[in-house]
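This report refers to the structure that appears directly beneath it.
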Amino acid sequence: MKIKMLLYGAGALCLAMPGFASPMQTGTVYSLTPIYKVGQELKYKTAMTMDGQMAMQMAFNIDEKTTKVYPDGSADMSINLIGMTMTMNGQTMSPPAPPEMTVHVSKYGATSGAAAKINMAGNIGAMINEGLGQGISVGQSVKIDNTDPKSKTHVYGTVTCDGVKDGLINISEDLKIQLKGNSGTPMHVVGTESVDQVTHVLQHVKSTMTHVQGPQGMTFSKITTTMDIVK
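Residues 0 to 230 (numbering that gives the first Met the number 0) make up the sequence shown, in order.
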């Protein structure tokens with residue numbers, strides 16, 4: 000159950016659901032579309048604080064390696080969650096790591112196959128990549144109103160390019176997520192991301208999700224996540 004919750008939370012960062020509409024752009028246009036390279040290894044330090052029916056803190060590293068790149072821009076990757084710690088009621092434990100996941104990702108980062116089953120509401124990063132396939136300019140906001148045809152999850156809100164500084168494209172999002180079968184308060188995600196202007200590699204994520212509907216009927220009032228690349 001605990002490992003499932005870990006994967007469930009990580010799924011909010013690692014998986015995808017595309018579909019956006021973009022307004023007219025002005026000024027320099029920046030791309031966020033991933034640039035996959037065979038052999039490229041990326042490591043991220045991740046921390047999550049979960050409040051609600053079950054309060055806990057989690058920390059773990061995400062290691063991903065690109066093993067194959069296809070002509071259409073998609074890729075195969077291996078993903079490992081390692082070094083996990085979990086703190087509950089003042090006690091810290093180290094649960095066993097889940098097995099390595101082998102995934103196929105679209106040119107925007109949307110994951111298909113068995114790994115998509117741990118997708119909680121669609122990966123925000125990949126959703127932005129898909130919606131901003133034509134790029135985004137500083138100050139531009141993208142309105143989102145999309146329903147995934149498979150999961151029937153409805154995502155709506157805005158994504159904004161706040162600026163470019165020190166080689167990083169800085170993005171903020173304010174999104175609501177309505178899961179299939181849930182007529183109550185939608186999940187609300189407010190967050191920021193930084194992406195390398197040249198390599199398009201994600202450098203930093205900080206998000207707060209409220210009114211979270213988890214697996215097996217579990218709910219959380221708030222989940223705060225930070226993820227930083229390890230250089």
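Ideal placement from N, C-alpha and C gives every residue a C-beta, glycine not left out.
No experiment lies behind these values; they were computed from the predicted model shown.
At the level of alpha carbons, what is the spacing between residue i and residue j?
i: K164; j: D195; result: 10 Å
i: P247; j: T84; result: Summary: the structure shown does not reach residue 247, with the chain confined to residues 0 through 230, and so no result is reported for it.
i: N128; j: Y69; result: 18 Å
i: T65; j: G132; result: 21 Å
i: M226; j: K44; result: 6 Å
i: T110; j: T32; result: 14 Å
i: L41; j: E172; result: 23 Å
i: N145; j: Q177; result: 10 Å
i: L201; j: G162; result: 15 Å
i: M55; j: N181; result: 25 Å
Just to confirm before moving on: does the CB-CB distance between residue i and residue j stay below 8 Å?
i: D62; j: N79; result: yes
i: G156; j: V197; result: no
i: H187; j: H203; result: no
i: G38; j: F59; result: no
i: D50; j: K221; result: yes
i: T218; j: Q52; result: yes
i: N169; j: S140; result: no
i: T191; j: M47; result: no
i: M158; j: G26; result: Met is not the amino acid found at residue 158; the sequence shown has Val there. Taking 8 Å as the Cβ cut-off, V158 and G26 do not qualify as a contacting pair.
Please confirm if residue i has its CB atom under 8 Å from at least one CB of chain B.
i: N88; result: Chain labels in this structure do not include chain B; a single protein chain is all it has.
For residue i and residue j, which I take to be in contact (beta-carbon distance under 8 Å), what is that distance rounded to the nearest angstrom?
i: S30; j: G134; result: 5 Å
i: K142; j: K179; result: 22 Å between Cβ atoms; not a contact.
i: S105; j: S77; result: At roughly 17 Å, the Cβ-Cβ gap does not stay under 8 Å, so S105 and S77 are not in contact.
i: I34; j: H153; result: With 8 Å as the limit, I34 and H153 do not qualify as a contact, their Cβ atoms being about 30 Å apart.
Contained beta strand (DSSP E) runs [length at least 3] in the stretch 128–186, N- to C-terminal order: Counting only runs of 3 or more, we get 140–146, 153–164 and 167–177.
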